[in-house]
Every structure is written in C-alpha cells, then in structure tokens.
Amino acid sequence: MFSVKWAPPEGVRIGPLTVTQRAKLWHSSTYTVQWLENTFQACTTTPGKEAFEKWAKERFGSWQGAKLIASCNRRSKKGTWVTKHPPKTFDEKTEFMWNSAAGYYGVSLQALQAWHQYAADNNLFQPPRTKPPPKRRKGETSTQWMSLKLVDGHKLPIIDLEYARRTAIAEYDKTRDTLERWRTDSDLFYMDILERSNSIIVSRENEKLDPRNKELATIDDAFRTRINFLSMMHVAWRDAALLFEDLQALGLATPAAIERAYEQDTTLLWRLVSVKYRISAMTWKLWANFQQLVAVSEYYGPLFHRFRDKNGYAYIEPNRRAIDQLVKRNKLTVMDEIVLTCASTASPSPMTFFQMIESALTEDRSQEKKFSPAVFEAMGDLAAACEFESQFTRTEFSTRLIEYAGMVEAAGFDRIRMRSIMYYMDPDKLEREPPQYWDQAGEASRSIRELEMAWTHSIWTLSIRPILQVMRGLSDWHGVPMQNIEMPQDLFNEMWRQIDGQLWVLASNLDREAEEGRVAAEYGLWNPMDPERPVSSMYVFADIELQVVQGISFQPRSAPIYKQHIPVARPSDSVVQSGRAFVAAGGAESKSKTKTRGIGSAKEPQVIGGDATVDSQPSAGHGAPAIPSDIKLGKKASELFHRILEPSEEDKENVQAKGQIRWGDFENAMKRLGFDVVQTAGSSVRFDPPAPTARPITFHRPHPDSLLTPHAIKWSREDIWFQLRND
1 MFSVKWAPPE
11 GVRIGPLTVT
21 QRAKLWHSST
31 YTVQWLENTF
41 QACTTTPGKE
51 AFEKWAKERF
61 GSWQGAKLIA
71 SCNRRSKKGT
81 WVTKHPPKTF
91 DEKTEFMWNS
101 AAGYYGVSLQ
111 ALQAWHQYAA
121 DNNLFQPPRT
131 KPPPKRRKGE
141 TSTQWMSLKL
151 VDGHKLPIID
161 LEYARRTAIA
171 EYDKTRDTLE
181 RWRTDSDLFY
191 MDILERSNSI
201 IVSRENEKLD
211 PRNKELATID
221 DAFRTRINFL
231 SMMHVAWRDA
241 ALLFEDLQAL
251 GLATPAAIER
261 AYEQDTTLLW
271 RLVSVKYRIS
281 AMTWKLWANF
291 QQLVAVSEYY
301 GPLFHRFRDK
311 NGYAYIEPNR
321 RAIDQLVKRN
331 KLTVMDEIVL
341 TCASTASPSP
351 MTFFQMIESA
361 LTEDRSQEKK
371 FSPAVFEAMG
381 DLAAACEFES
391 QFTRTEFSTR
401 LIEYAGMVEA
411 AGFDRIRMRS
421 IMYYMDPDKL
431 EREPPQYWDQ
441 AGEASRSIRE
451 LEMAWTHSIW
461 TLSIRPILQV
471 MRGLSDWHGV
481 PMQNIEMPQD
491 LFNEMWRQID
501 GQLWVLASNL
511 DREAEEGRVA
521 AEYGLWNPMD
531 PERPVSSMYV
541 FADIELQVVQ
551 GISFQPRSAP
561 IYKQHIPVAR
571 PSDSVVQSGR
581 AFVAAGGAES
591 KSKTKTRGIG
601 SAKEPQVIGG
611 DATVDSQPSA
621 GHGAPAIPSD
631 IKLGKKASEL
641 FHRILEPSEE
651 DKENVQAKGQ
661 IRWGDFENAM
671 KRLGFDVVQT
681 AGSSVRFDPP
691 APTARPITFH
701 RPHPDSLLTP
711 HAIKWSREDI
721 WFQLRND
C-alpha cells in the first residue's frame, strides 16, 4: 500500500502465465485470478471501457471520477511483485495478490482495484461458481461465513432468515429508542449534535460567515443532518422488522416458501424489494457517516484532508505529507493503511473494509484504541447493516428476487400495486429521478432516491438556530464555552414541541389522500398533540416520576409500538426458573400465531402468501415478557440489576450514578438470564432472548471505557426493565 514498492527481480519470467500459475504465485484462488483477468480485459476494451468510465463519474463525481479514469489509462513497466519475506497473514497475502496483479498487467494498484469495485458493484465478469454454498457456523461473522468463501469460488450462500429477522428487529427497536432518547435526554442530544458538527464539511456559503455565526450554522446543519439520518434508519429498519414479523406469522420460514408466495402475490414481492433497496440506501449513508467521523477523529483526523470543490461536492482524501511522516518514523500500521484507504472518498465497499479490519484486529487488538467512541459506535451500526444487507445482495435468494422483480416491473402490469408499496409518499408530489446503472428493478429501484430526496428537502427547512442563539446568550453571560452550557429542560422540551409540530406538518404534506399519517409512521415521528409524546424528565424512568411526583402507582406495561406474540408459560409449568434452565428446556412454545400493528395511523399493505391467514387481533397473552415471569438470579446478578434499575442521584454533588456498571458484568448477567450474545464489528452487540420468537436487544458496547450508564441501559428495551424492576 503506502510503504511498499515493486520491481521485477532477476531471473523471474515476466511473460504470460496461466490462471492456475498466477493463483499459485500470487497466494490467491483460481476463481479470484480469473475474475481479475475477465475484469481487466473487459474494462480496457470497447465497450466495457466506456461503461466503466461512465460508472466512475457517476459513482465518485466528475472531478474525482476524471482523476480515477486518468489513473486507469496510465501504463507502467510490467514486472513481478517481490517482498523481503513470504506473506503469511490474510492481509499480507491479499496485499501480495493485488500488487502482483498490478505488476503483471502493468497498471496502478488504484486502477486495478477500481475496475474490481466496478465489477463487484454491478455483479459483472465473474466466472462460474462450482463449489458448494458455504454453511454458517455459530458465532461466525458475515466476513468469515460469506466473503472469504465467495472469493474462493463457492456458490452464493442460502439466506439466513432467522439471523436477518433478529437483526432487523433489534436494530429497529434500537433506532426507536434513539429517537425517543433524543427527545428526553437534553445532554445526550446537545453533545451529539455538537460532536457531529465537527464532522460537517462546511459549505462554501457558511465558510464566508464570521466565526460565531459559522459555528451556529454548522451546528444547525448537524441537527438537520442527524434528523434526516435517523429518519432514514427508522424507515429502513422498520420496513425490515415488519416484513420479517409477517413472514414468521405466515409460517414462511424457508427461501423456497417465500419465493412461491411472492410469485403468487406480488404484494410480498414488492415488500421484499422495498426492504432490499431501503437497507442498501441506508448502508451507504452509514458508510459515508463512518468516513466523515473517522476523518475528524483524534488519531486519524490529521491524516486526512477534507474539502469541497467549486460545485459544493465534499471530498475526503489522505493527507500525504502527514502519512509520509508516519512512514519515515516506521509508525504506519496495517490498521492505519486500511483506514486511510477505506475512509477516503474513492474507497472500496464496506464489506471489504470489515474483511480487512477483522484480520487486522486479530493480529493486534490494541489498534482498536485508535477509534474514538463516535467512530466505534458508527462502525457497530454499519456492521449490523452490512450483515443484513449481505442477505439481500449476496445470496441466491436475493439474485432470484431481483431478477423476478425486474421482469415484473418491465412488464408494467403491476405498477399500481408496486407504487402503493414502494412509495409511502404521494408519487405525484415527488421529483422524478433519472435511471442509473444500478437500477435493477426499474422504477422500484429509483423510488428510494425520490423518497429520500423529498424528505431531505423538507428537513432542510427546519432550524434550531433560535434555540442556539439563546444558548449563545447564556454562554456569553456566564463566560464559559458554548459546548459546556447545559440546555435548560424547559427550553429543551419547548424546542422539541415546536420541532415535532413542524415535522408532523412536513410529513403530512407528503401523504397521499386517505393515507394520513403514513409518512409520519415511516419516519418514527410523534404527533405534537399526543399526550404520550416523550418529553424530558429528571427521572430515568417516566413511571418513577409518576410515583414520586404525582403519587400514581406503577403498573408494568408492554412496549407502546408493535409487538409480536411471545410465548408464555403454560399453567402446568413452573414459572420460577433460571434463564439457563429456560433455554435447556427448549423455551416456551405457542400453538397460535398472532400479529398486530399499532404504529400510528399508517395503513400497511397486508401480506398474503398461499392459503395462509393471520388473525389481526392481539391475543390475551400479547405483550407478555420474552423471558419467564419469575427468574432466579444469583446474588451478584441481582445486585447488578438493582444498580441498573435504581434511579440515579445526579442532583447530588460528587456522587457517582448508582446505575453505572461494567460492561463485562452486564454481559455475564444477561447470559445468566438466558440471552445469547452476538458480536459484530465496532460497538454493536446483540442479545438474543431465550424465547425463540421474542424480540432481541442491541446495545452499543462502551468504548474505550467499559462503563454503561443507566440511560444507555434503560433506552435499550424499556419493557424488560419495567418487569425486572417491578419483580
């Protein structure tokens, strides 16, 4: 990468080699080498060369695309890649393969990787896959299960429906919790937008402002960007969670059963397509967010140059001078090279990043400390999205789905139904997007961009600048930096009352007739007149406030939004058991399936597959906890949950919050309850409950400190903590 040069050694043949010979010499597979050969031949001759250049300009912008094309057109002397020591690790062998191929063809490494990215993005030039599909073992990441096998020529894997279901539900719940916490925790909200304002590449208009107004404008931009970002996450994960809940309720548990169902009823087809494209759009937004945060982080920030061109397009490029200084001091690590490559504007795909970073962390776990908490959290969100997206982009199921959807869309006979599902806004109120090379399902693919653009334009009419100016006045009055000023609770609640009102109107303006509230439900908005709308309180649990302030007795309740049926213990069963005993017994079973949708006033299209029917009324057991009603815990675990559930004493000086606990203790206690722990890259950790149909929970593991706060725990799944506290 940055620190190695290549040259042809004496006595080594430089002439043509067979694919098998190259694979052996390059420490690679015949499948990968054949794919590179096909790609090189296609992208350097007509018409593939012109198609690649068109893609480069669309993918990276005209300026960056032109630079990339110029690099691809340059040729250098051919030769054989040599190193002082034979490659041993996965990263070393990968680097050896890329540089060997670049030397063999006489092109730059950047050119070869750009051609490969074009081929991978568009599923082009791949040789036939002859090896059997890889099987996923418990605990494997998508990189271990899928990526390494695919580059070795295995057939596309079978979609893991259960893994996808658990991921979608956990991420959806986490996103809803984040939106609620933004409205109830003024410190978190304010520090979030302040931190994210640092990653904003300032617009050319704001650059002209004086420092004080430039700061306010940048924070305001960060607020709008975050609102838009969280709205997009809610749309994608909500769509996925509801789909997988319905698939489970309908008994569609295999890829073949789902395929038969969507061929009989295109309602299901378009819901699957909607999930695929919404998740893909979200993943690329998460990738861009991660790149921006890395480029301003404490360690990696100085190694990047951030700027906008004359047209206002933002770019992140490596700071060559700073990088050269690290190289001279022999301080540039493998992790640094990975981040410098992946965080720049012209970067490989997110899956490639996780493939490389997983190997680097295996070699040296201390490199993890170079990531800031914000970067680590963003990496966790991105990892979860990539894991899920891979099920819809890199499996045989996804290939057949898009082929069938493209055929149906091209025929045009199902366009009305397609639009009713793909467009949650009135299509007549949207600007039409031109077709792009990646639109495999025609208008169904383009609809995602049209919806996203409409909401972005709407969001950009919002502003919290008046609130910021009030806080600026407080800052000037007290003589302290603005970032150290706390937002008063009354001011915070009034701000959200106004913002929620504006968001509700913006969403209503995009609704279809007779579908009032659908856009608001998609984006997770609250009606400003709703008495249940979340507001800031001095108490961690709102029900504690009712008890302490108003004297109202507490009654446990289920989550306010969309719950599937969860099995409960039968009358003949003992209800007192440990989480481990519950797992050993196989969990609770239910003989009936129930589905409800209590999300705002949105109207959801109903899935019909085969002869399956669904009872739309909740059963008597609806909303029951995902764990047994009574659980025996050891003394240490019991004390830990008491620390979680006891209200904090933030109003007392020099007293640590009672709810604060160490991550390792919390993870062990959750295992004691019967939860399985599913790790991903970054901070994202999912806890799968003992009941197979129960809703999993996702946490962000604290980084670099391993302490969880009561707020962070409470906002993961409030209904479970309600039950534990009441017990």
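For the sequence shown, our numbering begins at 1 and goes up steadily by one.
For every residue, glycine included, the Cβ atom is placed at its ideal position computed from N, Cα and C.
* Asked: Straight-line CA distance for Met529 to Leu247?
  -> By 1-based counting over the sequence shown, the position of residue 529 is 529. By 1-based counting over the sequence shown, the position of residue 247 is 247. Distance between the alpha carbons of Met529 and Leu247: 34 Å.
* **beta-carbon Leu179 near the ligand ADP non-hydrogen atom, thresh 7 Å** => Absent from the structure shown: the ligand ADP. Ligands present: none.
* State yes or no: is the C-beta of Val677 within less than 8 Å of the C-beta of Lys671? => The residue labelled residue 677 in the question sits at position 677 within the sequence shown. The residue labelled residue 671 in the question sits at position 671 within the sequence shown. Taking 8 Å as the Cβ cut-off, Val677 and Lys671 qualify as a contacting pair.
* Over the uninterrupted beta strand (DSSP E) stretch that includes Arg306, give me the two end residues. => Position 306 of the sequence shown holds residue 306. Counting along the chain, the beta strand (DSSP E) containing Arg306 begins and ends at Phe304 to Arg308.
* Same chain, Cβ closer than 6 Å to Met335, neighbours up to 5 away in sequence not counted -> The sequence position of residue 335 within the sequence shown is 335, counting from 1. These residues qualify, in order along the chain: Ala360 and Gln367.
* In chain order, what residues of the same chain have a beta carbon less than 6 Å from the beta carbon of Leu36, not counting five sequence neighbours either side? -> In the sequence shown, counting from the first residue as 1, residue 36 sits at position 36. Closer than 6 Å at Cβ, skipping near neighbours: Ala101.
* Asked: Using DSSP with H/G/I as helix, E/B as strand and the rest coil, what is Asp676?
  -> Along the sequence shown, one-based indexing puts residue 676 at 676. If DSSP states are grouped into helix, strand and coil, Asp676 belongs with the strands.
* **Under 8 Å between C-beta atoms of Ser536 and Gln489** => Here residue 536 refers to the residue found at position 536 when the sequence shown is read from its first residue. Here residue 489 refers to the residue found at position 489 when the sequence shown is read from its first residue. In contact: Ser536 and Gln489 (Cβ atoms closer than 8 Å).
* To do: Report buried or exposed for Thr594, applying the criterion of at least 16 other Cβ atoms within 10 angstroms of its Cβ.
  => Here residue 594 refers to the residue found at position 594 of the sequence shown. Reliability fails at Thr594, whose pLDDT of 38 lies under 50, so the model's placement of it is uncertain and the value that follows must be treated cautiously. The residue is buried, with at least 16 neighbouring Cβ atoms inside 10 Å.
* Asked: For Ala588, does the count of other Cβ atoms within 10 angstroms reach 16, so buried, or fall short, so exposed?
  -> Along the sequence shown, one-based indexing puts residue 588 at 588. The predicted model places Ala588 with a pLDDT of 38, which falls under 50 and marks its position as unreliable; any figure quoted below should be read in that light. Ala588 is buried by the Cβ-count criterion.
* To do: Could you work out which residue in Glu516, Ala691, Trp663 and Pro466 is closest to Asp220 when comparing CA atoms only?
  => Residue mapping note: residue 220 aligns to position 220 of the sequence shown, counting from 1. Asp220 has its Cα closest to that of Pro466, out of Glu516, Ala691, Trp663 and Pro466.
* What is the rounded straight-line gap between the Cα of Ser197 and the Cα of Ile464? -> For this step, residue 197 is matched to residue 197 along the sequence shown. For this step, residue 464 is matched to residue 464 along the sequence shown. Computed Cα separation, rounded: 13 Å.
* Please name the residue in Glu337, Gln502, Phe189 and Asn509 whose C-alpha comes closest to that of Trp526. => Along the sequence shown, read from residue 1 onward, the residue named residue 526 stands at position 526. Ranking the options by Cα distance to Trp526, first place goes to Gln502.
* To do: Please classify Asp121: is it buried, with 16 or more other beta-carbons within 10 angstroms of its beta-carbon, or exposed?
  => As a first step, residue 121 must be located in the sequence shown, where it is residue number 121. Asp121 comes out exposed.
* Check whether the Cβ atoms of Ser199 and Val296 sit closer than 8 Å, and answer yes or no. => Within the sequence shown, the letter at position 199 stands for residue 199. Within the sequence shown, the letter at position 296 stands for residue 296. Val296 is positioned such that its CB atom lies closer than 8 Å to that of Ser199.
* To do: Compare the Cα-Cα distances from Gln440 to each of Met422, Ile402, Glu396 and Gln126 and report the closest residue.
  => On the sequence shown, position 440 is the one that residue 440 refers to. Ranking Met422, Ile402, Glu396 and Gln126 by Cα distance to Gln440 puts Ile402 first.
* **Segment contact, 8 Å Cβ cut-off, at least three pairs: the stretch 107-126 with the stretch 37-44** => yes
* Asked: Among Ala119, Glu58 and Gln34, which residue has its Cα nearest to the Cα of Gly48?
  -> Taking the first residue of the sequence shown as 1, we reach residue 48 at position 48. When only C-alpha atoms are compared, the closest one is Ala119.
* Is the distance from the Cβ of Leu293 to the Cβ of Leu340 below 8 Å? -> As a first step, residue 293 must be located in the sequence shown, where it is residue number 293. As a first step, residue 340 must be located in the sequence shown, where it is residue number 340. No, the Cβ-Cβ distance between Leu293 and Leu340 is not below 8 Å.
* When Arg449, Ala454, Tyr423 and Leu468 are compared against Glu515, the one with the closest alpha-carbon -> Here the question's residue 515 lines up with position 515 in the sequence shown. Per the Cα distances, Tyr423.
* Asked: Hey, Ala170 and Arg686: beta-carbon distance below 8 Å or not?
  -> Position 170 of the sequence shown, counted from the first residue, corresponds to residue 170. Position 686 of the sequence shown, counted from the first residue, corresponds to residue 686. Yes, the pair counts as a contact, with Cβ atoms nearer than the cut-off.
* DSSP on Glu116, reduced to helix/strand/coil? -> On the sequence shown, residue 116 is found 116 positions in, with the first residue counted as 1. A small correction: the amino acid at residue 116 is His; Glu does not occupy that position in the sequence shown. If DSSP states are grouped into helix, strand and coil, His116 belongs with the helices.
* Asked: If you draw a straight line from the alpha carbon of Gly442 to that of Phe376, how long is it in whole angstroms?
  -> Counting from one through the sequence shown, the residue named residue 442 turns up at place 442. Counting from one through the sequence shown, the residue named residue 376 turns up at place 376. Gly442 and Phe376: Cα-Cα distance of roughly 36 Å.
* Where Leu451 and Ala507 are concerned, what is the direct C-alpha to C-alpha distance, given to the nearest angstrom? -> As a first step, residue 451 must be located in the sequence shown, where it is residue number 451. As a first step, residue 507 must be located in the sequence shown, where it is residue number 507. Leu451 and Ala507: Cα-Cα distance of roughly 12 Å.
* Own chain partners of Ala314 with C-beta closer than 6 Å, once the 5 adjacent residues on each side are dropped -> Position 314 of the sequence shown, counted from the first residue, corresponds to residue 314. Taken in chain order, the residues that qualify are Ile201 and Arg308.
* Shortest alpha-carbon distance to Lys77 belongs to which of Lys67, Tyr105 and Gly412? -> Here residue 77 refers to the residue found at position 77 of the sequence shown. Of Lys67, Tyr105 and Gly412, the residue nearest in Cα terms is Tyr105.
* Do the stretch 23-31 and the stretch 88-102 make contact, defined as three or more Cβ pairs closer than 8 Å? -> yes
* Close-in-space but distant-in-sequence residues of the same chain around Gly11 (CB under 6 Å, 5 per side omitted) -> Within the sequence shown, residue 11 is the residue found at index 11, counting from 1. The predicted model places Gly11 with a pLDDT of 37, which falls under 50 and marks its position as unreliable; any figure quoted below should be read in that light. The answer is none, since no qualifying residue turns up.
* Asked: Under 8 Å, do Ile158 and Thr395 count as touching if we go by C-beta distance?
  -> Position 158 of the sequence shown, counting from 1, holds the residue named residue 158. Position 395 of the sequence shown, counting from 1, holds the residue named residue 395. At the C-beta level, Ile158 and Thr395 come within 8 Å of one another.
* Asked: Would a C-beta distance cut-off of 8 Å place Leu216 and Gln469 closer than the cut-off?
  -> Counting from one through the sequence shown, the residue named residue 216 turns up at place 216. Counting from one through the sequence shown, the residue named residue 469 turns up at place 469. In contact: Leu216 and Gln469 (Cβ atoms closer than 8 Å).
* To do: Can you have a look at Arg74 and say buried or exposed, based on whether 16 or more other CB atoms are within 10 angstroms of its CB?
  => Numbered from its first residue, the sequence shown carries residue 74 at position 74. So Arg74 counts as exposed.
* Drop a sphere of 10 angstroms on the beta-carbon of Pro534, count the other beta-carbons inside from all chains shown, and report buried for 16 or more, exposed for fewer. => Against the sequence shown, residue 534 aligns to sequence position 534. Classification of Pro534: buried, given that the 10 Å Cβ count is 16 or more.
* On the DSSP bridge assignment, give the partners of Tyr315 in chain order. => Here residue 315 corresponds to residue number 315 of the sequence shown, with the count starting at 1. In DSSP, Tyr315 forms a bridge with Phe307.
* Asked: Between Ala405 and the rest of its own chain, which residues show a CB-CB distance below 7 Å, the 5 nearest in sequence each way excluded?
  -> Within the sequence shown, numbered from 1, the residue matching residue 405 stands at position 405. Contacts found: Leu269, Val273, Ala441 and Ala444.
* To do: Take the Cβ of Cys386 as the centre, count every other Cβ of all protein chains shown within 10 Å, and call the residue buried at 16 or more, exposed below.
  => Within the sequence shown, numbered from 1, the residue matching residue 386 stands at position 386. By the 10 Å Cβ count, Cys386 comes out buried.
* For Leu194, which residues of its own chain have a beta-carbon under 7 Å away from its beta-carbon, when the five flanking residues on both sides are left out? -> As a position in the sequence shown, residue 194 is number 194, starting the count at 1. Cβ within range, chain order: Ile219 and Gln483.
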